[in-house]
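At position 391 of the sequence shown (counting the first as 1) the number is 1745 in the working numbering, and the numbers step up by one without a gap.
Quick reminder that beta carbons are idealized off the backbone N, C-alpha and C, glycines included.
Only a predicted model underlies this, so the values are computations on that prediction, with no experimental measurement involved.
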Amino acid sequence: TSGERTAKAERMFELMDGFLKNDPLSLQKDILDHVEYTVARSRFSFDDFEAYQALSHCIRDRLIERWHDTQLHFKRKDPKRVYFLSLEYLMGRSLSNSIINLGIRDQCADALSQLGFEFEVVAEQEGDAALGNGGLARLSACQMDSLATMDFPAWGYGLRYQYGLFRQVILDGFQHEQPDYWLNFGNPWEIERVHVTYPVKFYGTVEEEILNGEKYKIWIPGETIEAVAYDNPIPGYGTRNTITLRLWAAKPSNQHDMEAYNTGDYIDAVVNRQRAETISSILYPDDRSHQGKELRLKQQYFFVSASLQDIIRRFKDVHKDFNKFPDKVALQLNDIHPALAIPEVMRVFVDEEHLGWNKAFDLTCKIFSFTTHTVQAEALEKIPVDLLESLLPRHLQIIYDINSYFMEELKKRIGLDYNRLARMSIVEEGAVKSIRVANLSLFCSHTVNGVSKLHSELLQTRVFKDFYELWPEKFQYKTNGVTQRRWIVVSNPNLCALISKWLGTESWIRDIDLLIGLREYATDISLHQEWQMVRRVNKMRLAEYIEATSGLKVSLDAMFDVQIKRIHQYKRQLLNILGIIHRYDCIKNMAKDDRRKVVPRVCIIGGKAAPGYEMAKKMIKLCHAVAEKINNDSDVGDLLKLVFIPDYNVSVAELVIPGADLSQHISTAGHEASGTGSMKFLMNGCLLLATADGSTVEIIEEIGEDNMFLFGAKVHEVPTLREKGSTIKVPLQFARVVRMVRDGYFGFQDYFKSLCDTVEGNSDYYLLGADFGSYLEAQAAADKAFVDQEKWTRMSILSTAGSGRFSSDRTIQDYAEKTWGIEPCRCPL
Ligand code: 475
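See below:
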């Protein structure tokens, strides 16, 4: 009976001595136990890494307690849940973040120090979990933190890649890629669920079957692979709620393939089975597109199929009536990468649950929402029909059925406008017949979100214009945000303490709107002093890192000017480098006396180029070539230094952002869907030098133009400028610096030629020439402001104070209300 069960549970709870305790002494004891029994080192002799392992296991134990309670609570309450489907997550390190969200930072630091270890040093032993490329993937991680913190009943689903994003190694200034076999040193943050497995099927044929006089399609697959769940508990801050990020790994299926074994080639059969694991083994390292690759498609379906089996099983545990499905389940597609979930849900509803096509489609359209993260047309994935037909024959049929229905609906709305029908069709006829995944997602989702106001306007007027005109009610936007837990509390503890002191509360860590309270003190001299002190200490940390990684000594009095993000032509790292060449050229041509007036700069660039992206790789090389010249020029000294930070990732960002004075977000207007790096810098009191692109437009609304350095063409001016092409007047200085590169001033003349060609006349698609003049003016304005430290500090305080709107807490609140229709479900303490 339930009474007996409760009594038994209580007895067990007593035997366990209740919950784990968090005072320093209990933590110490637990750390030592894990050193001895988990890490299997002697408690009398262990090093920093082993201390990290032991402490991580202590924290893991505490996470598991909360996680169990949360899952049980969700089960009891059975609220509507959101399932966040994303092929990528950039989690970075977990130890510090977990400790801070559990609220036991000081206790852990105490416990460690009494054992002779330093918390920071121990935390730095952890490697990054880099299961993603860039902005989209880090956004997923920030949103998971907000979902947990705000008590939403949410699940994240993804893939457990064995190889994360490649490590960037620089040799002679060139990028080389090294595999990131991140699981080599173990991963205490995941829990392997050997019994949570699902078969995922591929290939085969579609046949008909007759059941109770009705005809049904049935898919006879040719290959089965097992998906095994790895659960990563995600703790909220200031709550007991701890949600699940469930990542799938591919394993050979346990189903016995008698034939293969009976043919006698046992070794070959086992080796073949092992190949199954390749499905989840590697993350595609391109953040633009992966058109027409079979392995990529297999990954997508593997992920989608396992996740949906899990979601539908959870629903069926409690409910019988699929009409309730949309009341209990919201499926969020993170970009179109998981869009095969749409035909997969249809297949399950029609072929397995026998709901009938109309009912199935009606339900499907009520559960999906999707968010797009790009304005680049090449990122709108297309699947060649041939490929889909062989890998997922039944799904292709379903997509065709959806498209016939779609075309009928369309004709009712727009008549026989064949051009438009062809543009909007899910099936693209052409040299390679293919499926337009974006159109499928648009038609079958109830909502499509952009990631900033400007992005949403571009979606409505350009990228998805045809759809917007017919279904304007589907279009929303949720401006991106980042979590202040990681991007202030974890990465900038001194600033965190300072903010709490001046606001008289730590509540801003959960309630970001309170940050605005700092405005009141923007001119307070004692805040200025403390603010500058904190910033200086952070610069010192960054300077030490620079010296350790590149051997370069930099002056703390210089302005630290940072551009860190994936390397792309549209992000215009080349504009930055050409600006640096111009600065160098000016210094060289100055009279010695005038050099005293120059505001010293340390220019810092970091980021990875996709392995096959030639121009991006050339930008990296150019950066090194220019650095080589400048950093060794005795005329220049501390007035100008250029540093490339290798292997940029989440934990490097945590170090660099708090130490930056100025950061650059200089994409050609209309190309950056949102941008989230800028928000992290803003929160940390770093001033922005930026174009009016993506979310910067909204940052301007919050902090005002006067508190940043804006430049460049506006989005509506870009088309005209492109038309004008070579007839635009570009500044002489621009021609001069490009010429220096062309003429081999920095060496590698032949290698840089094609890069220079991309900014010449009609070829200057990203408008570096057109924007160069105003870029230099913005840079000059930054120099001028930096000299006036009082003004600079005020701007810096106002940046942090105005950053509240860019917390992912606000984004998630919006999604919950306006897109998913879910409510918080808080686990009692
Ligand atoms: C945007 N990645 C940023 C950020 O919304 C925006 C594409 C294809 C395959 C794998 N990854 C991708 C992206 O498209 C991506 O990262 N987009 C970025 O999403 C979050 O802030 O402007 O470029």
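Would you kindly work out how many angstroms separate the C-alpha atoms of residue i and residue j, rounded to a whole number?
| i | j | result |
| --- | --- | --- |
| ILE1725 | GLY1804 | The residue you asked about is not Ile; residue 1725 is Thr in the sequence shown. Going from the Cα of THR1725 to the Cα of GLY1804 covers about 6 Å. |
| GLN1461 | PHE2106 | 54 Å |
| LYS1907 | ARG1895 | 12 Å |
| LEU1857 | LEU1869 | 8 Å |
| THR2050 | HIS1673 | 45 Å |
| ALA2132 | ALA2044 | 9 Å |
| VAL1916 | CYS1850 | 21 Å |
| ALA2027 | TYR1831 | 11 Å |
| ASN1538 | GLU1544 | 14 Å |
| ASN2003 | PHE2035 | 15 Å |
| ARG2076 | GLY2024 | 13 Å |
| LEU1976 | ALA2170 | 45 Å |
| PHE2140 | TRP2146 | 6 Å |
| HIS2070 | ASP2137 | 29 Å |
| VAL1625 | SER2032 | 48 Å |
| ALA1714 | SER1795 | 16 Å |
| ARG1889 | PHE1914 | 11 Å |
| LEU1872 | ALA1491 | 31 Å |
| ASP1779 | HIS1708 | Per the sequence shown, residue 1779 should be read as Ser rather than Asp. Each residue's Cα considered, the two are about 27 Å apart. |
| LEU1764 | GLU1823 | 12 Å |
| HIS1978 | GLY1527 | 5 Å |
| ALA2134 | ARG1864 | 38 Å |
| ILE1579 | SER1723 | 28 Å |
| ALA1465 | GLU1472 | 10 Å |
| GLN1628 | ILE1621 | 11 Å |
| LYS1828 | LEU1775 | 19 Å |
Below 8 Å on the Cβ atoms is my contact criterion, and I expect residue i with residue j to pass it. Report the Cβ-Cβ distance as a whole number of Å.
| i | j | result |
| --- | --- | --- |
| VAL1560 | ILE1690 | About 25 Å separates the two Cβ atoms, so there is no contact after all. |
| ASP2015 | LEU2041 | 7 Å |
| TRP1602 | ARG1514 | 6 Å |
| THR1593 | ARG2164 | Going by Cβ atoms, the distance from THR1593 to ARG2164 rounds to 17 Å, so no, they are not a contact pair. |
| ALA1583 | ARG1547 | 4 Å |
| TYR1443 | LEU1485 | 5 Å |
| TYR2120 | TYR1924 | 6 Å |
| ILE1921 | ILE1842 | At roughly 27 Å, the Cβ-Cβ gap does not stay under 8 Å, so ILE1921 and ILE1842 are not in contact. |
| ILE1934 | SER2161 | The pair is not a contact, with the Cβ atoms about 33 Å apart (cut-off 8 Å). |
First and last residue of the alpha helix (DSSP H) that includes residue i?
| i | result |
| --- | --- |
| GLU1561 | Here GLU1561 belongs to no alpha helix (DSSP H); instead the beta strand (DSSP E) covers 1559-1565. |
| VAL1699 | 1695-1701 |
| MET1973 | 1968-1985 |
| TYR1391 | 1378-1391 |
| TYR2105 | 2103-2111 |
Is residue i close to the ligand MN? I mean its beta-carbon at under 8 Å from any heavy atom of the ligand.
| i | result |
| --- | --- |
| GLU1782 | In the structure shown, the ligand MN is absent; the only ligands present are the ligand 475. |
How far does the beta strand (DSSP E) with residue i in it reach, from first residue to last?
| i | result |
| --- | --- |
| HIS1530 | 1528-1535 |
| GLY1489 | GLY1489 -> not in any beta strand (DSSP E); alpha helix (DSSP H) instead, spanning 1489-1503. |
| SER1723 | 1722-1725 |
| GLY1512 | 1508-1513 |
| LEU1469 | Premise fails: LEU1469 is in no beta strand (DSSP E) and is neither H nor E. |
Kindly identify the DSSP beta-bridge partner or partners of residue i.
| i | result |
| --- | --- |
| GLU1577 | PHE1556 |
| GLU1901 | Note: GLU1901 sits in no beta bridge, so no partner. |
| ALA1484 | LEU1444 |
| HIS2019 | ALA2044 |
| GLU2052 | According to DSSP, which records beta bridges pairwise, GLU2052 is partnered with nothing at all. |
| ILE1737 | ILE1789 |
| MET1913 | ARG1955 |
| ILE1918 | GLY1960 |
| ALA1583 | ARG1547, TRP1602 |
| LEU2064 | ALA2044 |
| VAL1802 | PHE1724, PHE1829 |
| TRP1856 | DSSP output for TRP1856 lists no bridge partner at all. |
| ASP1518 | According to the sequence shown, residue 1518 is Gly rather than Asp. Answer is ASP1534. |
| LEU1994 | ARG1955 |
Discussion item. Using a Cβ distance threshold of 8 Å, determine whether the region 1402-1419 contacts the region 1378-1386, with at least three qualifying pairs required.
Written reply: yes
Worksheet item: Any contact of the region 1998-2010 with the region 1959-1975, i.e. 3+ C-beta pairs under 8 Å?
Response: yes
Worksheet item: So does the region 1651-1663 actually touch the region 1681-1695, counting three or more Cβ pairs closer than 8 Å?
Response: yes
Worksheet item: Are at least three pairs of beta-carbons, each pair with one atom in the region 2122-2139 and one in the region 2065-2073, less than 8 Å apart?
Response: yes
Discussion item. With three or more beta-carbon pairs closer than 8 Å as the criterion, would you say the region 2021-2038 touches the region 1726-1746?
Written reply: yes
Worksheet item: Do three or more CB pairs link the region 1409-1421 to the region 1447-1463 at distances below 8 Å?
Response: yes
Worksheet entry | Stretch-stretch touch, CB-based, cutoff 8 Å, three pairs: the region 1624-1640 with the region 1516-1524 | yes
Worksheet item: Do three or more CB pairs link the region 1729-1740 to the region 1780-1788 at distances below 8 Å?
Response: yes
Item to complete: Count the C-beta pairs between the region 1759-1774 and the region 1680-1687 that are closer than 8 Å, then say yes if the count reaches three, no if not.
Response: no
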